[in-house]
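Undergrad: This is the structure I have questions about; it appears just below.
Numbering (mature numbering (1 follows the signal peptide of the UniProt record, and there is no 0)), first residue to last: -20 to -1, 1 to 527.
Following this line, the structure appears as structure tokens:
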């Protein structure tokens, strides 16, 4: 029998946000939920946090009207739309995490099941979609509150259609775009001289009629090569030479982990304090191989309850398997500022796809990768009152909360007479480290440099903490904001920086000097959230630009 470990904290505090329209919270013993909006008008199929503390959220466009009108009588006119050629509703919003407000954005063509990444300058580049949007690129550049920035669309800018593809930012700031439905290849943004490059691995991992290799898991490794996981297999890939350098052992169990058997994956935190950085991949959840066919016939098989960890740089890599407290498909894995992993959303039965999931898993779990393997490393959190099934998303915010929204397991928006209605609400989940009882040991960043260089260049910041313990329990982490969709957070990574010195300068106030990341392979250029973590309690994050 699996033992459920629960924190013994008792929460009465609701994490406050600056917004009169925030609704009452739902509290539990282990973390805390707050309903931010009953409806934001669209279902959050895709989410990306930007460096001005606003979140881009978007759905698809080919199902008819959403529940949010475009402003000033604007309408989207698209003769190729299969449902509604003149549509005066929004399918994207810009959410402000400080004010809890949001405004509609205009998307012209279909963004269904697409991918994205943020350029080093902070611009979101979204790639592909469906129908007339499958080869389009769209960009969104953050602007000040008194400006009205919106999506800019670049038709037919991809060489191949990209539907269910994955993106990864590279050390030189380019984006690699891998796979997609019936696309056994990859390309770059900006486009390179060699155009589209065939990748046999994507053919080999495609289950005929089932796929199970869409939205492949991509992770940039410290040596500059790419780790690619699809179905049950994974490779070390040199994308510059189009060369598979190594194939790793299959994950045990022979159960697929990629869409529609949607598990999730993270690159565990990279530690600059280690003499040799050993990257480690973690993959959790998924569904047995015939789950999709069975679910189509009304038989919903139990999802996978295992997680696998793989140290990819050791001479003879092998998977180390652990059991989660519950089976989960369509879960999101999120790196917390502490270096722990949150697994949230999803279902216990069935698979991804329209109407194919059952048994919502409403309890998040937190996994502590640094705990001894002899200990039970999972902790079960308080449940959300709302199922978050197919087409839900979750991301880390700068204040340490998790933003959760969306859930639409139907072809259209459907709110009545169905087991799991379309959910347009928005919630936040506050992990236990945000409990007020930790406030005495919670650092507060007072000032910090705005830019951080490579090669271990020194970076200065000052922070305040009421009850400082010791430098031995102090860490500084940087976290890249991820593009979240379909249970995979693209470009997510965390680096623990090397602390060069701590000096007290006033009562409860300290100067902290850290060394920047050693290379762009460790931390590709762009904006990161920086956290000071004291005794496993993080500060609120500060944005810093690296590179």
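No residue lacks a Cβ here, since even glycine has one placed at the ideal position from N, Cα and C.
1) Which parts of the segment 379 to 423 are runs of the beta strand (DSSP E), unbroken and 3 residues or longer, counting only runs that do not cross its ends?
2) To the nearest angstrom, how far is it from the Cα of residue 97 to the Cα of residue 132?
3) Who pairs with residue 146 in a beta bridge, going by DSSP?
4) Could you tell me which of 386, 45, 185 and 79 sits nearest to residue 125, measuring between CA atoms?
5) Can you round the beta-carbon distance between residue 423 and residue 443 to whole angstroms, since I take them to be within the 8 Å contact cut?
6) Alpha carbons only, please: which of 232, 320 and 90 is nearest the one belonging to residue 134?
7) Rounded to the nearest angstrom, what separates residue 347 and residue 322 at their Cα positions?
8) Taking 8 Å as the threshold, find out whether the segment 46 to 56 comes into contact with the segment 483 to 503 through three or more Cβ pairs.
9) Measure the C-alpha to C-alpha separation of residue 333 and residue 397 and round it to an integer number of angstroms.
10) In angstroms, rounded to a whole number, what distance separates the CA positions of residue 114 and residue 191?
11) Hey, could you find the ends of the alpha helix (DSSP H) residue 271 is sitting in?
12) Taking only three categories from DSSP, how would you classify residue 246?
13) Among 363, 466, 428 and 336, whose alpha-carbon lies nearest the alpha-carbon of residue 93?
14) I need the DSSP call for residue 135, collapsed to helix, strand or coil.
15) My guess is that residue 217 and residue 292 are in contact by the Cβ rule of under 8 Å, so how many angstroms apart are they, rounded?
16) To test your reading of the DSSP string, which unbroken beta strand (DSSP E) runs of 3 or more residues are found completely within the segment 339 to 376?
17) Pick helix, strand or coil for residue 43, following the three-state DSSP scheme.
18) Is the CB-CB distance between residue 325 and residue 384 below 9 Å?
19) So who's on the other strand from residue 302, going by DSSP bridges?
20) If the criterion is Cβ atoms closer than 9 Å, does the pair residue 151 and residue 476 meet it?
21) Less than 9 Å between the beta carbons of residue 107 and residue 74, yes or no?
22) For residue 316, tell me which candidate among 425, 197, 462 and 427 has the shortest Cα-Cα distance.
TA: Put simply:
1) With a minimum length of 3 residues, the continuous beta strand (DSSP E) runs that stay inside the segment 379 to 423 are 382 to 386 and 406 to 410.
2) Inter-residue distance for residue 97 and residue 132 is about 15 Å (C-alpha atoms, whole angstroms).
3) Looking at the DSSP assignment, residue 146 forms a beta bridge with 158.
4) Among 386, 45, 185 and 79, the Cα nearest to that of residue 125 belongs to 79.
5) Residue 423 to residue 443, Cβ: 5 Å. Contact.
6) Nearest to residue 134 by C-alpha distance, out of 232, 320 and 90, is 90.
7) Near 6 Å, if we compare the C-alpha coordinates of residue 322 and residue 347.
8) Cβ pair count under 8 Å is below three, so no.
9) The C-alpha of residue 397 is placed about 19 Å away from the C-alpha of residue 333.
10) Straight-line Cα distance between these residues: approximately 19 Å.
11) 271 to 276 is the span of the alpha helix (DSSP H), which, as asked, contains residue 271.
12) In the structure shown, residue 246 sits in a strand (DSSP, three-state: E or B).
13) Out of 363, 466, 428 and 336, 466 has the C-alpha closest to the C-alpha of residue 93.
14) Three-state result, residue 135: coil.
15) A Cβ-Cβ separation of about 11 Å leaves residue 217 out of contact with residue 292 under the 8 Å criterion.
16) The segment 339 to 376 contains these whole beta strand (DSSP E) runs: 345 to 347, 358 to 360 and 372 to 376.
17) DSSP places residue 43 outside both helix and strand once states are collapsed to three, so it counts as coil.
18) For residue 325 and residue 384, yes; Cβs fall inside 9 Å.
19) In DSSP, residue 302 forms a bridge with 287.
20) Between residue 151 and residue 476, the C-beta gap is not smaller than 9 Å, which leaves the two residues out of contact.
21) The Cβ atoms of residue 107 and residue 74 lie no closer than 9 Å to each other.
22) Ranking 425, 197, 462 and 427 by Cα distance to residue 316 puts 462 first.
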